[in-house]
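Here's the structure, in structure tokens; my notes come after.
2 protein chains.
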Amino acid sequence: MEKETRVFKDNVYAQLARIGKAISSPRRLEILDILMQGSKTVETIARETDMSVANTSQHLQTLLESRLVEYEKRGVYSYYKLADRTVANFIISLQLLAEKRITELQKLREEIYTNRDNIEQIKMSELIVRMKKGNVTLIDVRPKEEYEMMHIPGANSIPIEDLEKHLATLPINQEIVAYCRGRCCLLSVEAVEILRAHGFKAVRLEASVQEWLSQNDEYSNVHDCCNKKNSNIS
Amino acid sequence: MEKETRVFKDNVYAQLARIGKAISSPRRLEILDILMQGSKTVETIARETDMSVANTSQHLQTLLESRLVEYEKRGVYSYYKLADRTVANFIISLQLLAEKRITELQKLREEIYTNRDNIEQIKMSELIVRMKKGNVTLIDVRPKEEYEMMHIPGANSIPIEDLEKHLATLPINQEIVAYCRGRCCLLSVEAVEILRAHGFKAVRLEASVQEWLSQNDEYSNVHDCCNKKNSNIS
DNA sequence: TAAATATTCAATTGATCAATTGAATATTTA
DNA sequence: TAAATATTCAATTGATCAATTGAATATTTA
Numbered sequence: 001m002e003k004e005t006r007v008f009k010d011n012v013y014a015q016l017a018r019i020g021k022a023i024s025s026p027r028r029l030e031i032l033d034i035l036m037q038g039s040k041t042v043e044t045i046a047r048e049t050d051m052s053v054a055n056t057s058q059h060l061q062t063l064l065e066s067r068l069v070e071y072e073k074r075g076v077y078s079y080y081k082l083a084d085r086t087v088a089n090f091i092i093s094l095q096l097l098a099e100k101r102i103t104e105l106q107k108l109r110e111e112i113y114t115n116r117d118n119i120e121q122i123k124m125s126e127l128i129v130r131m132k133k134g135n136v137t138l139i140d141v142r143p144k145e146e147y148e149m150m151h152i153p154g155a156n157s158i159p160i161e162d163l164e165k166h167l168a169t170l171p172i173n174q175e176i177v178a179y180c181r182g183r184c185c186l187l188s189v190e191a192v193e194i195l196r197a198h199g200f201k202a203v204r205l206e207a208s209v210q211e212w213l214s215q216n217d218e219y220s221n222v223h224d225c226c227n228k229k230n231s232n233i234s
Numbered sequence: 001m002e003k004e005t006r007v008f009k010d011n012v013y014a015q016l017a018r019i020g021k022a023i024s025s026p027r028r029l030e031i032l033d034i035l036m037q038g039s040k041t042v043e044t045i046a047r048e049t050d051m052s053v054a055n056t057s058q059h060l061q062t063l064l065e066s067r068l069v070e071y072e073k074r075g076v077y078s079y080y081k082l083a084d085r086t087v088a089n090f091i092i093s094l095q096l097l098a099e100k101r102i103t104e105l106q107k108l109r110e111e112i113y114t115n116r117d118n119i120e121q122i123k124m125s126e127l128i129v130r131m132k133k134g135n136v137t138l139i140d141v142r143p144k145e146e147y148e149m150m151h152i153p154g155a156n157s158i159p160i161e162d163l164e165k166h167l168a169t170l171p172i173n174q175e176i177v178a179y180c181r182g183r184c185c186l187l188s189v190e191a192v193e194i195l196r197a198h199g200f201k202a203v204r205l206e207a208s209v210q211e212w213l214s215q216n217d218e219y220s221n222v223h224d225c226c227n228k229k230n231s232n233i234s
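Residue numbers (the UniProt record's numbering), protein chains in the order written: chain C, 1 to 234; chain W, 1 to 234.
Given below as structure tokens:
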């Protein structure tokens, strides 16, 4: 192999590996999942991921270095977000690949359901059909700020901690579909548990908003999140 | 955050990170690119990547552990291959994401063309149109064994080292499109250089066969490579 | 201007990973 | 069966990375 080709390849693969390195840490994968919901401050991310602010900041610097995220300073706050939609799609494909190839992950996912009674899922394709017919109620159980940054069209925002207070507003004779942050999040599972315990017909949609978007691109109920205030503003 | 949720997330992200770790090494990314062309023995991979057999084997064990590759023992040989098509698609999306986000990589790619005169590219979409019209000649300049394992439909195999011997067989009045292993490989660039130096109209298709496949799924000139002999059999 | 707050930076430490080396193992052939 | 060959394994060493700690920096407010 020619020396020039060797140099080219070494350089090219080193650049590709920047992204690989960024997603080689479980912590950073979790951060990326959080940022899939919209932009967040460092301390919000730290709280969501149970890490110190300093450690979170370090990980975010790594994500910046690999160009997967961007940030904007607003006062004393730094708001981080995914660099663009292709990053979200890449993370989704990583998740789907792992689900397909890693049996240990398959097992973890199955345990969600074996550890709980009566949690059922709905596929996105079926949800789309049902929503067109109007015989389903879709609820987003993430924090309201995330709903406001982006959500599946037609969804109602009921953050998980408010769910029990809102039971009276929900139709007892219609199926309720609950979704949250995606495949690695249990909020929607909890929601379905609560709903079913109260006699509602409820199922989980495990796909995230970004997954919805990447499969239903003609919908556009997504606004750029950088001009929205994050929950830290009080 | 609940303890149970914490445990779930830690476990899930640890599993996802297995794939991240696998692609955090430049060397392994190069190996995956080689395996995108079809199954190979350890020593062939070692030779292609300029690594020792022992080091190559170590990296391959890492790729096995993350389920991105599989192998089959045949006599004293171990033939490694990508686990399935979703792995190839994932690597392609990594490459495309990096090309989009990493300016240093963009620069490396531009230098291919600034360091050489007159290398032009053709897009896959245009190639498809041209091939339907029949006014283009497509050549695959990879090693013949790779061509035989899989290739773009309609391509003629002319390994780069044979190209000058085959000039007489090529049409001087028709555009020739050369392709090779993909975006990180320079064989097709060299081929275009040679062809143009000899007065042919030649352009480069930088997409790989796997990219072709992921965008043109109705074609099926791909046979499972595990029943084919690798170039090491003499 | 000082105090309060959010974040980054730098140093340290322990953990993890990559390359090398050479022995061990498996397969084939004469 | 011994020799040749392909590959893996295990140990070692040096390099790299993650978490912690606390100082430094930037922003805002009274």
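All C-beta atoms in this analysis are idealised placements derived from N, C-alpha and C, irrespective of residue type, glycine included.
Spanning the alpha carbons of residue 185 of chain C and residue 175 of chain C requires a straight line of approximately 21 Å. Under the DSSP definition of a beta bridge, residue 78 of chain C partners with C:73. In the three-state reduction of the DSSP assignment, residue 88 of chain C falls in the helix class. Secondary structure at residue 37 of chain W: coil, using DSSP grouped into helix, strand and coil. With a cutoff of 8 Å on beta-carbon distance, residue 205 of chain W and residue 127 of chain W are scored as near each other. In the same chain as residue 160 of chain W, and ignoring 5 residues on each side of it, the C-beta atoms closer than 7 Å to its own belong to 141, 187, 190 and 191, in chain order. The beta-bridge partner set that DSSP reports for residue 205 of chain W is empty. Closest option to residue 117 of chain C, judged by alpha-carbon separation, among C:83, C:23, C:203 and C:210: C:203. Contact between residue 157 of chain C and residue 182 of chain C fails: their C-beta atoms lie close to 16 Å from each other, not under 8 Å. By the 16-neighbour rule on beta-carbons within 10 angstroms, residue 133 of chain W is exposed. Residues of chain C whose Cβ lies closer than 8 Å to the Cβ of residue 25 of chain W are, in chain order, 17 and 20. What residue 86 of chain C touches in chain W, judged by beta-carbon distance under 7 Å, is 97 and 100, going in chain order. By the criterion of at least three beta-carbon pairs nearer than 8 Å, the segment 60-69 of chain W is in contact with the segment 8-26 of chain W.
Note on residue 58 of chain C: under 16 other CB atoms within 10 angstroms of its CB, so exposed under the neighbour-count rule. Taking a cut-off of 8 Å for Cβ pairs, the segment 79-90 of chain W and the segment 4-14 of chain C do not touch, as fewer than three such pairs fall below it. Look at the segment 92-159 of chain C and you find these whole runs of alpha helix (DSSP H), each 4 residues long or longer: 103-114, 124-133 and 144-149.
Shown here for residue 138 of chain W: same chain residues with a beta carbon closer than 6 Å to its own, the five before and five after excluded, namely 154, 155 and 177 in chain order.
Beta-bridge analysis with DSSP links residue 176 of chain C to C:137 and C:202. DSSP places residue 19 of chain W within a helical segment (H, G or I) once states are collapsed to three.
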